[in-house]
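Everything on this sheet refers to the single structure shown next.
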Amino acid sequence: MNALQPWHIVLVVLVFLILFGSRKLPDAARGLGRSMRIFKSEISEMNNDDKTAGDPAQPNSHPALNSGDAVRTGTDPEHTSRTQRPA
Numbered sequence: 001m002n003a004l005q006p007w008h009i010v011l012v013v014l015v016f017l018i019l020f021g022s023r024k025l026p027d028a029a030r031g032l033g034r035s036m037r038i039f040k041s042e043i044s045e046m047n048n049d050d051k052t053a054g055d056p057a058q059p060n061s062h063p064a065l066n067s068g069d070a071v072r073t074g075t076d077p078e079h080t081s082r083t084q085r086p087a
């Protein structure tokens with residue numbers, strides 16, 4: 001009796017068409033599909049990381065940084081071009 005009827009789905013689709021317009025819906029669906037693909041790839045990558053984290057034979061490709069380690073960011077000052085100032 002309280003089951004989802006086909007006319008319920010039609011009503012929801014009509015409300016979406018009225019609220020968002022027919023031009024924005026394909027873009028929204030495309031964006032949702034991209035987000036779902038990214039989410040699935042991140043979840044599978046996380047699962048793969050969990051499987052390899054327990055394997056001691058796999059060396060860690062990224063060494064952990066300690067709080068005292070120096071990290072170089074930006075460009076190397078020796079290789080940047082220097083502009084001359086007018087005298």
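Each residue of the sequence shown is one higher than the one before, starting from 1 at the first, in the working numbering.
Where is the CB? At the ideal position from N, CA and C, for every residue including glycine.
Item	Value
How big is the Cα-Cα spacing for Pro-42 and Val-13?	In the sequence as displayed, the identity of residue 42 is Glu instead of Pro. In a straight line, the C-alpha of Glu-42 is about 30 Å away from that of Val-13.
From the DSSP output, in three-state form, read off Ala-3 for me.	coil
Which whole-angstrom value describes the C-beta separation of Ala-29 and Phe-20, a residue pair presumed to lie in contact below a C-beta threshold of 8 Å?	About 10 Å separates the two Cβ atoms, so there is no contact after all.
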